[in-house]
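Below is one structure, written out as structure tokens; comments come after it.
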Amino acid sequence: MKRRPLIKTTLAASALMLSGLFPFTLQAAETIKVGILHSLSGTMAISETSLKDMALMTIDEINAKGGVLGKQLEPVVVDPASNWPLFAEKGRQLLTQDKVAVTFGCWTSVSRKSVLPVYEELNGLLFYPVQYEGEELSPNVFYTGAAPNQQAIPAVEYLMSEDGGSAERFFLLGTDYVYPRTTNKILRAFLISKGVPESSIEEVYTPFGHSDYQTIVANIKKFAAGGKTAVVSTINGDSNVPFYKELANQGLDATDVPVVAFSVGEEELRGIDTKPLVGHLAAWNYFQSVENPVNEAFVSKWKAYAKAQNLPGADKAVTNDPMEATYVGIHMWAQAVEKAGSTEVDKVRDALAGQTFKAPSGYTLTMDEKNHHLHKPVMIGEVQEDGQFSVVWETESPVRAQPWSPYIPGNDKKPDYAVKSN
Amino acid sequence: MKTVPCSAVIDGFDPTGGGLTRDAIGLGRVAEKGLDVRHGTILSLEDINVSFDGFKALTDLSLYIGVGELRCIIGPNGAGKTTMMDVITGKTRPTSGSAWFGETLDLTRMSEVDIAQAGIGRKFQKPTVFEALSVFENLELAQKTDKSVWASLRAKLNGEQKDRIDEVLETIRLGQSRHRPAGLLSHGQKQFLEIGMLLMQSPQLLLLDEPVAGMTDAETEFTAELFKSLARKHSLMVVEHDMGFVETIADHVTVLHQGQVLAEGSLQQVQADERVIEVYLGR
Amino acid sequence: MNTALHRLLLLLLLVLPWAAQAGDAADYAKASPAKQARLLESWAAAPAPERLPLIEALRANRVAIDQNKTPFIEENGAYRALEGDAEPVGTPKKLRLNNRLRGLLNTALASHQLFAEDPAQRLAAAKRLQRSGQPEQLELLQQRLDAEDDAAVSEALTLALANLQLTASDPAVRLAAVRLLGETGAPMARVRLENLLADEAETDANVRKAAETSLAQAKRKLLIGELLGQAFSGLSLGSILLLAALGLAITFGLLGVINMAHGEMLMLGAYTTYMVQVLMARLAPEALAFYPLVALPVAFFVTAAIGMALERTVIRHLYGRPLETLLATWGISLILIQLVRVLFGAQNVEVANPGWLSGGLQVLPNLVLPYNRMVIIGFALFVVLLTWLLLNKTRLGLNVRAVTQNRNMAACCGVPTGRIDMMAFGLGSGIAGLGGVALSQIGNVGPDLGQSYIIDSFLVVVLGGVGQLAGSIFAAFGLGIANKILEPQIGAVLGKILILALIILFIQKRPQGLFALKGRVID
Amino acid sequence: MNQPLTLTAAQKAGPKATVTALGLALAVLVAMPLLHLLPAEHALHVSAYTLTLVGKILCYAIVALALDLVWGYAGLLSLGHGLFFALGGYAMGMYLMRQSAGDGLPAFMSFLAWNELPWYWYGTSSFLWAMCLVVLVPGVLAFVFGFFAFRSRIKGVYFSIMTQALTFAGMLLFFRNETGFGGNNGFTDFKTILGFSISAPATRATLFLATVALLAGSLYLGFRLARSKFGRVLTALRDAENRLMFCGYDPRGYKLFIWTLSAVLCGLAGALYVPQVGIINPSEMAPTQSIEAAVWVALGGRSTLIGPLLGAGLVNGMKSWFTVALPEYWLFALGALFIVVTLYLPKGVIGLIKRRGE
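Residue numbers (the numbering used here), protein chains in the order written: chain V, 1 to 422; chain G, 1001 to 1283; chain L, 2001 to 2523; chain R, 3001 to 3358.
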């Protein structure tokens, strides 16, 4: 009798999943299932929860307009709990048990890398909405966030420009993740190609969850004495608050040493007192403060949705870049399905190439014909007292992504179109 | 009833130092020769000092126990009796002084396990047995055999060993409860079980801390007889408060006070000593 | 009196060309960013007092232009023309600033403030110019130095001037400047001197020699600052570890509860701080600056109450089974985290440093001691003192110690052990709550706050010796300082790994921690 | 703990029932991979999802069993078993990475400033050597750590906290990109194992069977240990270490043996886990993972062999179910479960079954 409960549970669990499936299979004629794979608990919940809500809002919006191919979209929300193997398991569940047509999800690179083999094996379709390090181009993934050349390189170019303060020394500071490492490697190669000597570049990494930045800020000060300095921060979300607090309290302000961050957006600023940070920078492809009718509608819709759903902190709801990328991704997928006339992955993939969408960033974004990345505008925003960014610089037109950065040796041999990694 | 089965259970040791009868004593090591007790003392403590954060538990303590002797140690609370036992069994290291087991084994340099394997057995003040194991299993673990990990993994009791366990069970009158978990025994039974475990260990020197505490009169009487029979071939050191018990067993008594030997001799001699009277009655 | 007259004369002189500068705001408003920068540079070199309001308004980002590019100043939502009395056409838009303009504005503001009445303001301006003085300002600085009568300001101005005089043509001037720079110990001085010496930039042998001496002097001063800074950050980290661990030293050290929910008590303390901040902003905005002080008792009582409730309902059934308390408190911690996540959202909440906890004290040119860290060090010591007093000087403390040392005996002596357990657990939780208030001032306030401190807290308590308050204090500061000594040498990540390895080794040596009770082994 | 160190529940319910239940469970577990080989349309087909899910849980069950050997039987609560599990997984992952990289460098190395393989990667392209590493790395680490810890008689809570520090240090080390194990991303995107495609049903079925075999083997090993004199010495050690020393046993050897054995079992479980879930990264070493393993053991029932397996199955099964059914609230359910079990089921689920049996 000892083993029974284990099996019972498994059986019960699968039975429940099956019974859960039934009503859906009955309605299968009317709905298209859409998977949402974002962590709602664990360390990544801080970032991913709002993406789940944004995805639900977008699905509501599409449904309100009559759905796709005349069918309603039906979201299937699961919680991979910031546990990377669980991402793969849940991905497989979405594809094989729930049979979703598409999945929107993942934030960290590692979660994407975890589900990637599953999506390639089962020929699923995943939309990934976050800026990342590149070095990947899967036929089963569409990347609606920025590649390094759509975020990092323009930001550093801005810092080197007169308006950006003509920085000549660069302090590359990041959490010891693969994304900061790769980005900094690209930046270093880029800076050296621009004639910045090695001695003017310093690269420092902190452990994940690092919260004591005293030594590092002291080092920045020391480094900054050598000339006009800028800090390029790839510090991961949670460590930013202690970093900025330390920076402000040690008396380093943006006019002396500006910090440009690649992982700090409106959502992160909600947790920070921004008054001492005014003037520090962030590089993204979208800011909530962008002024255009599409964005106004987008922001007010989100605020209304947050209020209606009674989301925590709804009175201070903000939009940010990954949220916009999620929004754009879902709409583009819906358009592609309409165009393909089917939700079949291969057809939708073909239809996505060259798809365009008028995005809240104020530009009409295009899905590249070949490389599964969006052409995106790059904007540099300055932190304002109210926790918003004011755009101080932007590219003239959307930039095509280079997932295989030319600044990494060996990448010139990589094909510029999606192939399975093997 | 058999009253003196123990001599049959425990290997005798050869006071002349031949020791060819001794077998493996654990971790696969075999003592080549038995204990060297040429001068007739099995335990010599000389000028032992122990202090805990400035508190002197033992001060220049010297004590000798002869081969085959049954020595009782008495003394008021805090006299250092248990600390002395800790020193002998290697649990506490003296700050200075020497402790020799026989003529060759320096106890201050040996680990608790080595000391136990060399032949010093100890019964604690509070009976400690392996409560989750049965009485039989308790004795099985205590028996003198190779106690290394590998040996334990392969160990299987042979007929001779089983017989020995049965004998001891008989001796300590726990034959009926052999399969009961030791944790369910009464206090007195636990005391006997622990004594039985000591017997299984067949040590040359037995340290017994208040062995009859919590025993009925009959049990005490039986214990006294048991000890006396043991004393012929083993050395015993008994710490006891029960003067009646001491009187029945002891040929030699040592009185400890404030970490020092206050008096030594036969019970009558000691009881006549004025300092002892003062210590016991004076406060 | 003479100098006052002098200043008045000068003011008059400067006010004279009023007409010529009447269009400053308009000029600025119409210029391109590059031209704006050049304008600001020229203003910095030739300050004019009536320009001050404009610069201040620009610096505060309150200048807006309407469709005709007429500049206005925004005051409480209303717009007033900066020059003339035009009415805005359409809604004026704020003029954009960037960091370059902000820097130039600061410099321009400083050179205008050199004329201020208040010596403190002049001093601040001179100090600002030490960092960002431009060669064009050489003449101005010289002029101001001659007119200055306040000793401190004079000194600061001399230094600001020295920075610019390194390129003077007269070797004697350069020599004096070099000597002066050696005495400052400012990080900039070192770089300037190094540049002077590098590539044979300085040709005069005397000046070179003086520069070398000065450089060595400057380096020495910087090193002192650095070492002091390291010591301070070690102390600061130690005080944070201590605050995080102190509550645990009671719940785990004294009660023997492996309290995995301890981190969540810190987190609840921090969230209480947030709630107090929000409530005070709404109810008593004038006293908002003191919200951390108000939050202290509130957080203490909130977390203590939660702790006592947990003790009553769950933990009391688990005394004597320490490893099982681990599981139950682990469950509690999961529930508390998710509860906060559902109530407040997964995102961090904003807890701002009030004014008196922002910024820092400039002790040496390269050493700033942030106020919040100094306050936290003091606060940690205060909490330790409080705990010590509570445990050693009160009846409650006596009872707690009695119960933790021998529960049965204490019960026999009439100590209400149940109540004491509850109080002690409440005390430990309350202290954790106080720690949470302090933590909210330096880091994130989010549902996961506690998780990041729990391992460190346990290490501190174990390293110090379970049940030893003094041990925890030594362990916390020891870990903090060791961490900060190692970090600059081998980086934060390896440093942390090395510390963990050292702790493991240390425990081998002293299995009972730093402060272990010695004595007869009791079985 | 006055629990004799034998199959308590088994004794009560009668050995026959236990053997039948175990046999039945084994039969189901062996049948599952075979059913997986059926075509997907077949009514009895077991999906890859179910198979990998159960396979994962079985790996966790082995960890729980290994942890119970040291905690339930020897009284050493390790809060660092995730480290050994992950090390075994990493050793296997190294082999799998080499398999998918062919002659080149593993993918993450080529874009992270590695020009050649670090020395500790040598030989990992050989399956045999990788298997040796699976056993050796956790084994040697556990041996060295245990040797010093037991020599200085670290026990109880101290031991738990030290093991926690150990796994935390390991996690930080593996997080570093300079360490050469792929940093926070770890290893993913495995293609083949011994030349067979890792996603082929037959490979999956084989891996699953290997896991079942390892579990059955560990169970048998645990059973034999529990019945041997060694097992009784361990129980004695747990309850009265001092007495045991005065009986002439050196506890260090015993602790070291069971501790190292447990670590090696974890390593093996990790090695089977990685190809089935397709990823290994430092978060497996997070202290919370190890605490969770302790929760499985406690929930199922300490000092029994079946309890930990039940616990691992129940918690993970519920986790998989709750994360879908109640994505936002499942932590409440899980947390409440821990509290209820510790408060009302001190002997775990197995204790409950036993009480029912009576």
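We put the CB at the ideal spot given by N, CA and C, even for glycine.
Residue i versus the options, residue with shortest Cα-Cα distance
i, options, result
"residue 2488 of chain L", "L:2231, L:2386, L:2153", "L:2231"
"residue 3239 of chain R", "G:1254, G:1080, G:1129", "G:1129"
"residue 3306 of chain R", "R:3316, R:3135, R:3353", "R:3353"
"residue 390 of chain V", "V:49, V:270, V:192, V:288", "V:288"
"residue 2298 of chain L", "L:2322, L:2272, L:2287", "L:2272"
"residue 2159 of chain L", "L:2258, L:2254, L:2180, L:2285", "L:2180"
"residue 479 of chain V", "R:3020, R:3085, R:3022, R:3105", "The shown model of chain V, from 1 to 422, leaves out residue 479 of chain V, and the question about it has no answer."
"residue 107 of chain V", "V:333, V:224, V:45, V:354", "V:45"
"residue 255 of chain V", "V:159, V:186, V:407, V:150", "V:159"
Extent of the continuous alpha helix (DSSP H) run through residue i
i, result
"residue 1271 of chain G", "1267–1272"
"residue 2174 of chain L", "2171–2184"
"residue 3211 of chain R", "3201–3227"
"residue 103 of chain V", "It is not in any alpha helix (DSSP H) - residue 103 of chain V instead sits in the beta strand (DSSP E) that spans 102–105."
"residue 2233 of chain L", "2205–2248"
Whole-Å CB distance - residue i paired with residue j, under 8 Å assumed
i, j, result
"residue 241 of chain V", "residue 384 of chain V", "Not really, about 17 Å apart at Cβ, beyond 8 Å."
"residue 36 of chain V", "residue 55 of chain V", "5 Å"
"residue 2346 of chain L", "residue 49 of chain V", "4 Å"
"residue 2177 of chain L", "residue 2166 of chain L", "5 Å"
Neighbour flag for residue i against chain V, beta carbons, 8 Å
i, result
"residue 3048 of chain R", "yes"
"residue 3114 of chain R", "no"
"residue 3242 of chain R", "no"
"residue 3186 of chain R", "yes"
"residue 2341 of chain L", "yes"
is_contact[residue i, chain R] using C-beta, thresh 8 Å
i, result
"residue 407 of chain V", "no"
"residue 194 of chain V", "no"
"residue 206 of chain V", "no"
"residue 2489 of chain L", "no"
Alpha-carbon spacing of residue i relative to residue j, whole angstroms
i, j, result
"residue 372 of chain V", "residue 122 of chain V", "18 Å"
"residue 291 of chain V", "residue 281 of chain V", "18 Å"
"residue 2427 of chain L", "residue 3340 of chain R", "25 Å"
"residue 358 of chain V", "residue 327 of chain V", "11 Å"
"residue 2448 of chain L", "residue 272 of chain V", "16 Å"
"residue 119 of chain V", "residue 140 of chain V", "6 Å"
"residue 2319 of chain L", "residue 2328 of chain L", "12 Å"
"residue 388 of chain V", "residue 188 of chain V", "29 Å"
"residue 100 of chain V", "residue 3025 of chain R", "33 Å"
"residue 1211 of chain G", "residue 1192 of chain G", "9 Å"
Closer than 8 Å to chain L by CB, residue i
i, result
"residue 392 of chain V", "yes"
"residue 304 of chain V", "no"
"residue 26 of chain V", "With a pLDDT of 43 at residue 26 of chain V, under the threshold of 50, the modelled position of this residue cannot be trusted, and the question is left open."
Segment limits, beta strand (DSSP E) that includes residue i
i, result
"residue 284 of chain V", "281–284"
Contact with chain B by residue i, beta-carbon distance below 8 Å
i, result
"residue 2060 of chain L", "The structure shown has no chain B; the protein chains it does contain are V, G, L and R."
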